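Residue numbers for the sequence shown follow the numbering used here, so the first one is 2 and each next one is one higher.
Notes follow the structure.
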Amino acid sequence: ELEKRGERISDLIHDIGSLRLVTIAEKPSFEEIKRARDLTQRYIKLEGVHINMIIPEPKECDFCNKIRTLQLNYTAEIKKEFKKLRIWQSNKLKDEPIGIEGLRTLAYEIYGDNIYAEDILNPKI
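Set out below in structure tokens:
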């Protein structure tokens, strides 16, 4: 009985489930999402990648500019590697997205003002 339930759950995940990977634009994280894609592709459909915590364009900060340049390079690598998927990006927020208001702020950062549930649930490239 338990084995049958496990198989049903596995079938549901495979048939109607979807996966979105979240990463930061750095080499170790880039390698991790490639490995995650390879390990999960038999079991669940990968629909998108969210590149999180990109440093906004700084005005006067050499260190920040250097980090941002590295992040933009890895962002380009991620987009190239996952070109058949929907890619979302979001800048690093000033405050952690804690609570409902924090999550709303993060959602607007990722999706913008004009987003519908359908666009999130069924992303198009």
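Backbone N, C-alpha and C define an ideal beta-carbon position, used for all residues, glycine too.
Owing to the predicted nature of the structure, the values given are computational and were not obtained by experimental measurement.
Asked: Among Leu-71, Pro-59 and Arg-21, nearest to Ala-37 - alpha-carbon criterion; Found: Arg-21
Asked: Three-way DSSP call (helix, strand, coil) for Leu-22 in this model; Found: strand
Asked: Under the three-state DSSP convention, the category Gly-103 falls into; Found: helix
Asked: Nonlocal neighbours in the same chain, by C-beta distance under 8 Å from Tyr-109, ignoring five residues either side; Found: none
Asked: Contacting residues, own chain, Cβ-Cβ under 6 Å from Gly-18 (five flanking each side not counted); Found: Ile-45
Asked: Where the beta strand (DSSP E) containing Arg-87 begins and where it ends; Found: 87-92
Asked: Inter-residue spacing [alpha-carbon to alpha-carbon] between Asn-92 and Gln-42; Found: 28 Å
Asked: Under the three-state DSSP convention, the category Lys-60 falls into; Found: coil
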